[in-house]
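Written below as structure tokens is the structure these notes are about.
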Amino acid sequence: MTLLQFVADLGRRGIELWAEGDALRFSAPPDVMTPELRAGIGARKAEVMAFLRQRAVGVAAPIRRVPRDGGLPLSYAQLRLWFLAQLQPGSAFYNLPAARRLRGPLDAGALERALGQVVRRHEALRTVFRAGEGDEPVQVILAPPERFALRVEDLSALDAGAREDDAARIARRDAEEPFDLARGPLFRATLVRHAPGDHLLLVCMHHVVGDGWSTGVLFRELGALYAAEACGVPAALPGLEVQYADYAAWQREHLRGEVLEGHLAFWKERLAGAPTLLELPTDRPRPAVQGFRGALLSTLFPRELGDGLNALARREGATLYAVLLAAFQVLVSRYARQADVVVGTPIAGRTRAEVEGLIGFFVNTLATRAGLHDDPPFRQHLARVREELMEAYARQEVPFEKLVEELRPERSLSHAPVFQVLFILQENDGDDLRLEGVEVEAWQPDSGTAKFDLTLAVAESARGMRVWLEYNTELFDAATAQRVVEHFRTLLYGVVDDPGRRVSRLPLATRAELETIAAWNATDTPYGSGVCLDRLVAAQAARTPDRPALVFRGETLTYAGLEGRVVRLARHLRALGVGPGVLAGICAERTPDMVVALIAVLRAGGAYVPLDPAYPAERLDYMLRDSGAPVLLTQRPLLGLLPHGGARVVLLDEPLPDDGEGGGGTFPDVHPDELGYVIYTSGSTGRPKGVAMSRRPLRNLMAWQGGDWTGPAAARTAQYAPLSFDASFQEVFSTLQEGGTLLLVPADVRSDLGRFARWIVEERVERVFLPFVALQHVAEAALAQGIVPAALREAQTAGEQLRVTEPIRRWMGQMPGCSLANHYGPSETHVVTALTLPAGGAAEWPALPTIGRPIANTQCHVLEPGGVQAPPGVPGELYLGGENVARGYLGRPGLTAEKFVPDPFAGVPGARMYRSGDLARWKADGEIEFLGRVDQQVKVRGFRVEPGEVEAALETHPAVARAVVVSMGDGGSGERRLVGYVLADGAARAPAAGELRAY
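Counting in my numbering, the final residue of the sequence shown is number 1103, and the numbers go up one at a time with none missing.
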């Protein structure tokens, strides 16, 4: 290796070289320098010295003592903390508490004197900060105190349990007691006496005068000074050539000009385009203003795991720190579903040999960035992290505060800038303090604060790896924090087991979690024979022929009357060739004709294709042609809408031809796997796609629905949904199979939700199915009119995310006997999960309910992009399996294969599950939380819309060159609308500013 390559390699490793007289000095991060590297530098000392003098590479002036005859400048880091203290006077946020449990004979007097000696040795511990000229703060070093006062708390009179509780309380109080930066002192110590030979030592300093490394210096020196004081002999500690104030003055002089600009250029390039927020899934919404209340969780990972990680580090030419950081980056990337993540990590900042033994605020924070877009093997990711750390170490002197100032990231009061999670590898786990005859154990105090969303700290010890997780309690529950730690443990075992595995495939879920998810999906429920739904309606008609089945505008059709009309129409359809596998289109206004047509198609053995009269003629034409339906059932006023081509038309509002068979008729049994309906949904390519739903899923859904309903046995149900919305199937068959009454909402009432609210009361409706936005508007209208539908027993909502808004809560709170059911399921599966908010509890209903649990004979799988099961709390795409999965998309085998994929969890050959495209996560109680979409699909008034379909339609116009469609909320009710932007001059170019026009 040439000399130039050698020096450059040292720089990448974060090793700084400088010439001081005839001596070659170097400093390096503690986890980088190896004996071999140290020997290599020594062997090439002469040529390196010559190189440095010739090129002036890496030469930095040594730190010199500065006069103490006036105010001394603050370091960059100190300056930032001083300004923050002025903004938040009395805050304990930057307190640095540490504690050690001491078991054995302790000389408290020697301990107190030793602490005084530490304070005398280190000026930082007796420094205060005051305003200087022009309000520029300066640090003032106070004279050493005559005697350091060690606080003492005696708990020995209490029982054991009370002692531990009181000790924790005292530690918390000590950690939260603020410092006065102008008056000082900024360091204190407390000795808590549990019993003779059992003490707890608490030390606390303000961050402006110390850091984590400083705590280690303090404890190491305390041990040596304690031994000397206990024996009455002088301590053999070397003198300190310089103090922190000298370093602060040196930093101000050294870190400027070309040196600073070069370092800043590196960091600007490294962090360009980085995400401003790591969107971890939280237990509560992120507050508008960041809070800092926190808690601390501690656990011990087995020593065998640490040994395995160290062995991996050696094999890969990395450090344990790099391995752990790389694994933590993978963890938060998987949690946030972000391939580009920024993780903060502190670095000692002691790049000069002169300051290694000082107490002071040297620590700096590096922003490490991981790009996992290509889903690399962990080994490759580790190599990237190792290289990045080497480059970052070489530019570590740029204070993080200065970097933020230069980067000017998009600022938000809701979160920290640049990064929101921190990783720390501590040098020790309490073995930095050694007292003769006393057993010392680390005791981690809980400060009650959290500077970041999550801070993960790891320390090696003889017993294993001690892991601490500090978490923001305004965002996360304790149970969530515990899961984070367990997932990190599982991930580390996976790294040790197979570092060649891609990062998306590394395990997170524990074995217990996978077993729990399997139990949540154990929904097998025998529902007996596969009797077709239309036969259930026939059976009900045989039992209760005179009971009202349909009511429309004051007219009633009994079950006997309904069955008679269904049989006559079904016979006619059979004569036209409708049977198993044959599609029949239904385009009808909201009258009994529509319901009769639906049941009759199924009775004939066919499947229906709903054609909403409100759709544009072009869409209806496409659906008819794409489905190839040979028969069309409609009404005469609608004929003009329907370019029916060669389809045989049956007019529902005109008498059927007499077939001479009277009122009876027999129909062959239809296999449950035959089609029941084909419903068209939006398509991302501009082509709607037909969801081909078999009869078996529909029968399963209705069997579950019948068992789930707790209202009156023969409920009066509003038929509100259009036939093209699959909820209409629920409305019709869940009512008629139980002998209820289906109340058809007239079109003019349905379009006016104020009238609809009154109609619910007038018709004594007991059950209603409404999309969330419709439910919201009905609640608002009812409250405005003072309407309380006393007969209502259940409101069921589906089609879009439910939010329990204040109008919904107030309105349904007036009906103590009415529950609210939230059903979830895309058209490709119909309902697969459900949650019922209990009657009488509207005041306690959550604002954003979950989508509940899998219903009977269905399964839900939350899968990460790598295809592994996401553990509870971790988001992933929701895959839907079980009996409610549709057959696929009509005539679209490629799309069917893409979205209906093999189900590896079913244990049944040929089983498939549907990729919903919905983002979700398991909650700890087995309910599923809906989080949004993994694509651009949106819901508008309960209808699924692909913006790409609208864009494709806009771009068919010859005057439109480009189109962009976005979904926008109204800022109040949660209702969304689509806004299209088009470049209308036909030019094949990107739009210039101001050229996009909104519609």
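Don't be surprised by glycine CBs; every beta carbon is placed ideally from N, CA and C.
Just the Cα atoms here: how many angstroms apart are tyrosine 439 and valine 978? 5 angstroms
Which residues mark the beginning and the end of the alpha helix (DSSP H) in which asparagine 804 is found? 799-812
With a Cβ-Cβ cutoff of 8 angstroms, do isoleucine 463 and glycine 314 count as a contact? Cβ atoms of isoleucine 463 and glycine 314: closer than 8 angstroms.
Buried or exposed (CB count within 10 angstroms, at least 16 for buried), alanine 688: buried
Select from Arg897, Leu329, Ala261 and Met569 the residue whose C-alpha is nearest the C-alpha of glutamate 408. Met569
At a cut-off of 7 angstroms, would you count arginine 454 as near the ligand MG, judging by its Cβ distance to the nearest heavy atom? Of ligands this structure carries none, so the ligand MG is not represented either.
So, with DSSP's three-state summary, where would you put leucine 745? helix
Could you work out which residue in Tyr983, Arg277, Asn199 and Ile955 is closest to methionine 309 when comparing CA atoms only? Asn199
Give the straight-line distance between the Cα atoms of valine 459 and valine 502, rounded to the nearest whole angstrom. 17 angstroms
Which same chain residues end up closer than 6 angstroms to alanine 496 when comparing Cβ atoms and leaving out the 5 residues on each side of it in sequence? Leu470
Alanine 247 to alanine 165 span [Cα, whole Å]: Separation of alanine 247 and alanine 165 (C-alpha to C-alpha, rounded to the nearest whole angstrom) is 29 angstroms.
Backbone secondary structure at alanine 825 - three-state DSSP: coil
Can you give me the start and stop residues for the beta strand (DSSP E) that glycine 689 sits inside? 687-691
Cβ shell of phenylalanine 110 (< 6 angstroms), same chain only, five flanking positions each side left out: none
Beta-carbon gap between glutamine 524 and leucine 401 smaller than 8 angstroms: no
Nearest neighbour of proline 649, chosen from Asp638, Glu659 and Gly668 [CA to CA]: Gly668
Exposure label - histidine 477; buried when at least 16 CB within 10 Å: By the neighbour-count rule (16 or more Cβ atoms within 10 Å), histidine 477 is not buried but exposed.
I'd like the ranges of any beta strand (DSSP E) spanning at least 3 consecutive residues and lying wholly in the stretch 645-689. Complete beta strand (DSSP E) runs here, min 3: 652-656 and 659-662.
For arginine 207 and glycine 301, believed in contact at Cβ under 8 angstroms, the rounded distance: At roughly 6 angstroms, the Cβ-Cβ gap stays under 8 angstroms, so glycine 301 and arginine 207 are in contact.
Residue from Ala851, Val562, Gln834 and Asp557 whose Cα sits closest to the Cα of glutamine 548: Val562
Can you tell me whether arginine 1016 is buried or exposed, with buried defined as 16 or more other CB within 10 angstroms of its CB? Residue environment for arginine 1016: buried (at least 16 other C-beta atoms within 10 angstroms of its C-beta).
Taking the runs of the alpha helix (DSSP H) that are 4 residues or longer, which of them lie wholly in the stretch 558-646? 582-601 and 615-624
Quick one: is isoleucine 119 buried, meaning 16 or more other Cβ sit within 10 Å of its Cβ, or exposed? Isoleucine 119 is classed as buried because its beta carbon has at least 16 other beta carbons within 10 Å across all chains shown.
Since leucine 596 contacts leucine 413 with CB under 8 angstroms, what's their CB separation in whole angstroms? 6 angstroms
Determine the burial state of valine 682: buried for a count of at least 16 other Cβ atoms within 10 Å of its Cβ, exposed for fewer. buried
Count the other C-beta atoms from every protein chain shown that fall within 10 angstroms of the C-beta of phenylalanine 466, then say buried if there are 16 or more, exposed otherwise. buried
Could you tell me the boundaries of the alpha helix (DSSP H) in which asparagine 414 lies? 407-419
May I ask which residues mark the beginning and end of the alpha helix (DSSP H) holding alanine 990? Unbroken run through alanine 990: none, as it is neither H nor E.
Should histidine 519 go down as buried or exposed, given a rule of 16 or more other Cβ atoms within 10 Å for buried? buried
Of the listed residues Leu526, Asp113, Arg418 and Ala583, nearest to proline 450 (C-alpha basis): Leu526
Starting from the C-beta of arginine 657, find all residues in its chain whose C-beta is less than 7 angstroms away, skip the five residues before and the five after it, and write them out in chain order. Pro850
So what does DSSP say about phenylalanine 523, is it helix, strand or coil? coil
Do leucine 736 and leucine 724 come within 8 angstroms of each other at the CB atom, strictly closer than that value? no
For threonine 138 and alanine 147, the rounded distance between their alpha carbons: Going from the Cα of alanine 147 to the Cα of threonine 138 covers about 14 angstroms.
Beta-bridge partners of alanine 974, as assigned by DSSP: None; alanine 974 has no bridge partner.
Sufficient close CB pairs (3 or more, under 8 angstroms) joining the stretch 1010-1028 to the stretch 977-991: Here the stretch 1010-1028 makes contact with the stretch 977-991; the two share three or more CB pairs at distances below 8 angstroms.
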